[in-house]
Structures are given as C-alpha cells and as structure tokens.
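Under the numbering used here, read the sequence shown as residues 2 to 666, first letter to last.
Note that the Cβ used here is the ideal one computed from N, Cα and C, for glycine as well.
Since we're looking at a predicted model, the values are computed, not measured.
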Amino acid sequence: MIHSTVKSATASKEKDNYRSLSSHIITLHRRLLHSLNLGTRYFDEKTNRWKWQSVNIEVQKNVLRSIAAFLDSISADARATRHTIIVKESAADILGALLWILQCKNEPLLSMASNVAVKLVSILPSPLLQPRLLDLVYCLSSLLSSHQVEVAIPCATALNLVISNLSATSEKAVIEALKETEISICIVRNIKDCGAQKIEYFLEMASLLSTILLRWPSSRFPVCNDVELMKVLANMRTRTDCAIKLVLLKLYTSLALCDSVAQKLIEDGKVFLQMIVQAMGKSNPHDVRIEGFRLAQCLLRSQENCLKVMNLCGEALVDAIICGMRETGPCSKKIENNYGSVLVEACKLAQITRWAGNHHIRFWKQGIDEVLLNLLIENIHDQSSELVLPLEKQISVVKEGLKLNYHVALRSYVWDILGWLTIHCGENSNPCSYTHESELHINLLILCACFTFVDAIQKWCRICQNDADDNFQSEPVSRAVLMMIYSPCNYISSHARFVLSDILKVIGNPCLKNSLHTLDYISSLKSYSSFDKLQLVINLIGLTCLSSLPQYQRCIIESRGIKTVVLLVQRCLSNDIHVERPEVAPHLHTVFHKRSCCWIGKGDWEGSNVLLFYGMWGLAEFLHQCGLLLDNPLEFTREVTNIKTQLVNELHEVCSSTSFSPGVK
C-alpha cells in the first residue's frame, strides 16, 4: 500500500513537472525525438549499452539543430533543467547522438557539433553527463588539434567546462584519460603555433591548459620547461587586453602551484613581478586584480621566495596589498561582491607578514594599523577623530564596533596579520611613530583582540561547550593575543598585558580554573575529535597568556597547572596527539594549497604540532615563574621529571637542526 502511494505521488509529480513546461519546450522536445528516430539504435556489447548512429549527413545536421534548439529552450527555464523528467530521459540520447556525430568527423558539421557540445556541458547538470563522461573527454580531446579553428576553439571551451566541474569521484579517471591523449602536449603545441590564429584561439587554449595544470600536478614542471612556450607567454604579457591578462595570470598561477616552477618564475626577474603587481592595481577589472593577488600568493609561500621578491619589488607589492585591503566597496557589510573578493585575496596575501623582513616596516609606514582597524570597526574615522581618547571611550568604541560583526568573515585574516606584525616587531622599534594616529589605532586593535579573546576563552573553557558559533576566529584571535603579549616591542607587550588584566579583573580566576579543568580532562582522552583539538589549543594558549600576568601565576602553580601542561606535552612527544594548525584554523584551507606540489618547506610558524609548540611555550613561561616564586623553586623540576629525557632530546633536535620552523626555533 505504501509503495503504491509513493509510486502514485511520484507519477503525479512528474505530470505536474510536465505541465509546468511551456508548449514551446514540449514542441521542441517532440521534434528532437523525431530527429533522433531518423537514425538507428544498436546494442554495443563492449559497453553494454544502446547507442545511436546515422551515417546520413542530413540526418546528423537535423539532429544537431534539434539538440541546439531544445537545449536553448530549457536553458531559458531553470525549472526545466532541474526538475523535468523529459530532460533526464533525453540526456542519454542527446549525448549519444552528439558523440557519434563528433566521432564521424564530417568536416562540414564539426563546427556545429562542437558548438552544440559547449551548450550541452553548459546547460545539462553534471550527473546527467556522468555515464558517457570519459567518452566525451576522449572525443573532445581528439579534436583539439583540428586544423579548423572553429572546431578547436569550442572543443577547448567544452573540455574546460567538463574539467572545471569534475566531481572528486570522477577526477582520477578523467585525468588518466587526459594522460592517454597527451592533451597537455597538444595544447602546448597549439599555443606555440597560434601566431596566425585569432586571439580567441590563444585565450581558449591557455585557459584550458591552466585548468588542466590546476588538477594535474605532474604536468606543471614539463610545461614550464618548454622554453618556446614560455617565450610565447612572455610576449603575450606585453598585450594590454584584459582578457589576455586574465588568462595569463591564471595559467601562471596553475604553474606556480609547483614550488620548483614558482622559483623559476621569480628568477625571471623584475619584469615578471612588475606584471603581477600592475595586475593588482585599481586600473584593472576586479577579476584581473583577484588573479594577480592569487598568483602572488602562490609565489610567496616560502620565506626564501618572499625575501627574493621583496628585494626586487617589495615596496610596490606592499602598496598594492594595502590598496586592496582598503577597498571595502560600496556594500560594507558583505564581502561576496567584487570589492569583497579583491579584499579577501589582499588579506590572504598580507599574510606574507608571517615572514620576518624589511617589508614589515613598509606595512607600518603605509598604515596597516589603520587598515586592520577599518576591517574590524565600521566608520572608525568618525568615532576616533581625536588623536587621544580616554581608555573608557576606547573601550566603548570597541565594544559597540565589534557587536556589529562588520566584515566578520575577514576577522581570521585580520587577527593573523596583527599577530605576525607584533611578533616580528623589533625590541627597539616603535610602530606608534609612523603616523600621528598610529598609537590610537594600535591601542584600539589591542582592545579589539583582547575583548574577542576573552569572549572566546569564556566559551571554550567549559567542557560541555559545543555550540560556539565563532570558532572560525577563536584560534586566530587567541594566537594574536599571545603574540602581542610576547611581542619583542615593549610598548605592544606591556599595553596588551595591561588591557588583558583590566578586562579579566572580575572573571579572570573563574576562567583560569575552568580552563585548567578542561585541559586536564580533554588531555586525558584516548581519542580526539576536531572539536576537542580546537578546545585544547584555545585553552592552552589562554593558559599561556594568563601565565604572563603576575596575579594568576601563583594560582596556576598551586592548581597543578604545570602538571597539566606536562602531561599534554608528554602525549605530544609520544605521538598520541598531533594537531596541525589548519585543523583548528579553517581559513587556512585553500584550493591552491591542496593542489600544490614539490613543496618542501618548514611548514607553519608553529611547526607541525601546534599543541607541542604551545605546550613548550607554556613550560618556558612556568620555568621563569618558578624561579621568581621563592617558595616554589623546585616545582618545575618536580613536574617535568617524567618527560625530562624526551623534552631535552626534543629541545636539542630543535636547536641543532635547520629543518624547524621559525616559531619553533
């Protein structure tokens, strides 16, 4: 009874879908079926499926026209594409007929057929193409070398769409098919021979190559090693057409995902780098600017590459980043628009501040403090027009500003950049001296970070806390406050401690005790969820921050805080728990990093296990405190006895090796 009811409901829904179609679509569908019936169907035992065929060129032409008309009609009606049963029923026949016609390679029809292929992959949902996807890839690949430009261009376009929309389950098989057809060799040859062809030919071939290189890492270095191809691309860089700029930037980005290629591109020198910086400028369309920032991100993923680029065009690059970060656009509370996309990519590139160097001075001189503050608090200029604001007024401005969640999706990047700037700030440097308003901006930034950090600690110090809706910024802001507290810059360090002490006056001790209890409990678990790892990291950072404040140091020692951290470090040294930073900082996950290759770096600033890093940082602070507390001189030694050998070995390895990250060192 239930089955018949469901069946009846399904049939009724299909009838409703059919009725919802326009009479025009229904008429075109009938014509399509009539055209297909002029051919014949046969059963292919090799593939175990029915296939369409016709050697009559007029029948083929009629079928192509019918397919094109039907696809055009359903593309104008979103409901038809998504819901209508006739689209699903017709997809296999349409695709089968098109494949037959393409494989026949009747020259008078190839241009029409390849353009229909573009419509097909643009309009039909990917799942409907899945049964014959590999056949389509083989067919289109074989036509890329056609002497007819009118055939090669749409085939490249269609293939580009197919590869761009690949699902994870289909990708491996399609890449294998592309290897078989030696498609990258074919495309490279086409690009090198495109001198006499129209510019659209170059654009489509270069775009397809960049899409393939993005998904096929092993093809990057051979392509880059083709000297003739690289000369063609270098010549194209002189063109001012925005479409050429865009496709070149995308192609170089796909190549630069290979670190070996990235180094070769940087060695090309100042002209190449100036092209990238120029692409980021305001005179370009947003899509060109976005690709310029993305290419720079790929090139500057290592300290070595960053320093090379900074020596060649550091000032211009920093200026372009600052310019991009200033452009919040007309729609201030959303970053989904074009302005927002430029802003996001500029913020991502600004994370080159994770590397120490003279570019930090340029960032301060260009007002990075004001830029970051503008991304946290809307209309901050109107609220801080005075150069000196009393602390109470500063607190009021910050509290009200943070409530509005202005550019909330960017905050993870803002906290990271702020942390890098402060941890790399020299002991004798004074970032407050670069502009008249710098001191106020820095004070407000410290307040913003400390208030957000305390809010995060209050949420995450409870064992049962599992509904935090802002975990995307909890780790970055906690880390930023830790970096400010331990900044070599005396002003930043002392002011951060002062502000944090003031905010924690009432809630500090309860937070500390809850945090210790949570750390003790979670570190004893046999296995860890991603939530447990995030909670461990935030509470460990929080404990290290609070341990820098004199009023909490005795409480930490008397509450066996050292023992708690020692047990956690012991589990890290025994490889019982391992947490890499991207696991607790979602904003670090990018398509580019997932698809990079030949990357041999020292990893994140904190090293490969952030829990071990923060645990050792905490132990270093506890060691200092125990030396200051005269009645607890042996407390540290007593607690670390069980891991002394492992700890000493780890420290010796860090000090004697060059493979560890800057933060760990």
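### Task
Can you grab the Cα-Cα spacing for the pair His408 / Leu376, in whole Å?
Numbered from 1 along the sequence shown, position 407 holds the residue referred to as residue 408. Numbered from 1 along the sequence shown, position 375 holds the residue referred to as residue 376. Taking the Cα positions, His408 is about 6 Å away from Leu376.
#### Entry: Distance, Ile124 Cα to Leu134 Cα
For the purposes of this step, residue 134 is taken as the residue at position 133 of the sequence shown. For the purposes of this step, residue 124 is taken as the residue at position 123 of the sequence shown. Approximately 15 Å between the Cα atoms of the pair.
### Given 8 Å, three or more beta-carbon pairs between the region 248-268 and the region 317-327
With contact defined as three or more Cβ pairs closer than 8 Å, the region 248-268 and the region 317-327 are not in contact.
### Task
Buried or exposed for Ser67, please, with buried defined as at least 16 other CB atoms from any protein chain shown within 10 angstroms of its CB.
Numbered from its first residue, the sequence shown carries residue 67 at position 66. By the 10 Å Cβ count, Ser67 comes out buried.
### Task
Starting from the C-beta of Asn515, find all residues in its chain whose C-beta is less than 7 Å away, skip the five residues before and the five after it, and write them out in chain order.
Here residue 515 refers to the residue found at position 514 when the sequence shown is read from its first residue. Once the five neighbours on either side are set aside, the close Cβ partners of Asn515 are Cys462, Arg463.
### Query
When burial is assigned at 16 or more other CB atoms within 10 Å of the CB, is Leu652 buried or exposed?
Reading the sequence shown from its first residue, position 651 is the one you call residue 652. In this structure Leu652 is exposed. Its beta-carbon is surrounded by fewer than 16 other beta-carbon atoms within 10 angstroms.
#### Entry: Val150 vs Tyr202 beta-carbon contact at 8 Å
Within the sequence shown, numbered from 1, the residue matching residue 150 stands at position 149. Within the sequence shown, numbered from 1, the residue matching residue 202 stands at position 201. Tyr202 is positioned such that its CB atom lies closer than 8 Å to that of Val150.
### Message
Going by beta-carbon coordinates alone, are Leu535 and Val455 separated by less than 8 Å?
### Response
Numbered from 1 along the sequence shown, position 534 holds the residue referred to as residue 535. Numbered from 1 along the sequence shown, position 454 holds the residue referred to as residue 455. Cβ atoms of Leu535 and Val455: not closer than 8 Å.
### Query
When the distance is taken between beta carbons, is Ser127 closer than 8 Å to Cys187?
Taking the sequence shown and counting its residues from 1, the one referred to as residue 187 is at position 186. Taking the sequence shown and counting its residues from 1, the one referred to as residue 127 is at position 126. No, they are not a contact pair.
### Query
So, is Tyr414 buried or exposed, given that buried needs 16 or more other C-beta atoms within 10 angstroms?
In the sequence shown, residue 414 corresponds to position 413, counting from 1. Around the beta-carbon of Tyr414, 16 or more other beta-carbon atoms lie within 10 Å, marking it buried.
### Query
Just how far apart, CA to CA, sit Lys668 and Ile267?
Nothing in the structure corresponds to residue 668, since the chain is present only between 2 and 666.
### Query
Terminal residues of the continuous alpha helix (DSSP H) containing Arg190?
Mapped onto the sequence shown, residue 190 falls at position 189. Per DSSP, Arg190 belongs to the alpha helix (DSSP H) from 184-193.
### Query
At which residue ranges does the region 480-530 contain complete alpha helix (DSSP H) runs of 4 or more residues, listed in the order of the chain?
Segments of the alpha helix (DSSP H) lying fully in the region 480-530: 491-504, 509-523.
### Message
I'd like the span of the beta strand (DSSP E) that includes Gln54, first residue to last.
### Response
Here the question's residue 54 lines up with position 53 in the sequence shown. For Gln54, the enclosing beta strand (DSSP E) starts and ends at 50-54.
### Task
Could you tell me which residues DSSP pairs with Thr41 in its beta bridges?
Sequence index remark: in the sequence shown, residue 41 carries index 40 (1-based). According to DSSP, residue pairing for Thr41 in a beta bridge involves Gln54.
### Query
So what's Cys598 in DSSP terms, helix, strand or just coil?
Here residue 598 is taken as the residue at index 597 of the sequence shown, counted from 1. In this structure, Cys598 counts as strand in the three-state DSSP scheme.
### Query
What do you reckon, are the CB atoms on Ile102 and Ala114 nearer than 8 Å?
Taking the sequence shown and counting its residues from 1, the one referred to as residue 102 is at position 101. Taking the sequence shown and counting its residues from 1, the one referred to as residue 114 is at position 113. Contact flag set, yes.
### Query
Can you tell me where the alpha helix (DSSP H) with Gly402 in it begins and where it stops?
Working through the sequence shown from its first residue, we reach residue 402 at position 401. Gly402 -> alpha helix (DSSP H) spans 392-404.
### Query
By Cβ distance below 6 Å, which residues in the same chain neighbour Ala70 in space, the five residues on each side in sequence not counted?
Taking the first residue of the sequence shown as 1, we reach residue 70 at position 69. Same-chain partners within the cutoff: Leu29.
### Query
Are Ser434 and Cys490 close, meaning C-beta to C-beta below 8 Å?
Taking the sequence shown and counting its residues from 1, the one referred to as residue 434 is at position 433. Taking the sequence shown and counting its residues from 1, the one referred to as residue 490 is at position 489. No, the Cβ-Cβ distance between Ser434 and Cys490 is not below 8 Å.
### Query
With distances taken between CB atoms, is the gap from His425 to Ser342 smaller than 8 Å?
As a working mapping, residue 425 is identified with position 424 in the sequence shown. As a working mapping, residue 342 is identified with position 341 in the sequence shown. Taking a C-beta distance under 8 Å as the contact criterion, His425 and Ser342 do not qualify as a contact pair.
### Task
My understanding is that Val398 touches Ala450, with C-beta atoms under 8 Å, so please give their C-beta distance in whole angstroms.
Numbered from its first residue, the sequence shown carries residue 398 at position 397. Numbered from its first residue, the sequence shown carries residue 450 at position 449. Not quite, the Cβ-Cβ distance comes to about 14 Å (not below 8 Å), so this is no contact.
### Task
Could you check how far apart the C-beta atoms of Ser208 and Leu214 are, in whole angstroms? I think they sit under 8 Å.
By one-based count along the sequence shown, residue 208 stands at place 207. By one-based count along the sequence shown, residue 214 stands at place 213. No, Ser208 and Leu214 are not in contact; Cβ-Cβ is about 11 Å, not under 8 Å.
#### Entry: Pro286 - DSSP class collapsed to helix/strand/coil
Looking up residue 286 in the sequence shown gives position 285. Three-state DSSP puts Pro286 in coil, outside helix and strand.
### Query
Okay, do the region 558-575 and the region 589-597 touch, 3+ Cβ pairs below 8 Å being the bar?
At 8 Å Cβ cutoff, the stretches do not touch.
### Task
Could you check if Lys232 is buried or exposed, using at least 16 other CB atoms within 10 Å of its CB as the buried criterion?
The residue given as residue 232 occupies position 231 in the sequence shown. Per the 10 Å Cβ criterion, exposed.
### Message
Closest to Phe473 by C-alpha separation, out of Arg582, Glu46, Ala77, would be which residue?
### Response
Start at 1 with the first residue of the sequence shown, and residue 473 comes out as number 472. It is Arg582.
### Task
Flag this pair as yes or no: are the beta carbons of Cys225 and Val272 separated by less than 8 Å?
Indexing the sequence shown from 1 puts residue 225 at position 224. Indexing the sequence shown from 1 puts residue 272 at position 271. Their beta carbons are not under 8 Å apart, which means Cys225 does not touch Val272 by this criterion.
### Task
Give the single residue among Thr48, Ser112, Glu379 whose Cα lies nearest to the Cα of Arg327.
The residue you call residue 327 lines up with position 326 of the sequence shown. The option with the nearest alpha carbon to Arg327 is Glu379.
### Task
Would you mind sorting His437 into buried or exposed? The rule is 16 or more other CB atoms within 10 Å of its CB.
Numbered from 1 along the sequence shown, position 436 holds the residue referred to as residue 437. Counting Cβ neighbours within 10 Å, His437 comes out exposed, since fewer than 16 surround it.
#### Entry: Residues near His590 by beta carbon distance below 7 Å, same chain, minus five either side
Start at 1 with the first residue of the sequence shown, and residue 590 comes out as number 589. Same-chain partners within the cutoff: Pro583.
#### Entry: Same chain, Cβ closer than 6 Å to His442, neighbours up to 5 away in sequence not counted
Walking along the sequence shown from the start, residue 442 turns up at place 441. Asp370, Glu371, Leu374, listed in sequence order.
#### Entry: Three-state secondary structure (DSSP) of Cys426
Along the sequence shown, one-based indexing puts residue 426 at 425. In the structure shown, Cys426 adopts coil according to DSSP, grouped into three states.
### Reference Ala244, options Met206, Val278, Ala257, closest by Cα
In the sequence shown, residue 244 corresponds to position 243, counting from 1. Looking at the Cα atoms, Met206 is the closest of the given residues.
### Per-residue DSSP class, three states only, for Cys259
Counting from one through the sequence shown, the residue named residue 259 turns up at place 258. Strand at Cys259.
### Query
What separation, rounded to the nearest whole angstrom, lies between the Cα atoms of Glu401 and Val641?
In the sequence shown, residue 401 corresponds to position 400, counting from 1. In the sequence shown, residue 641 corresponds to position 640, counting from 1. The alpha-carbon separation between Glu401 and Val641 amounts to approximately 45 Å.
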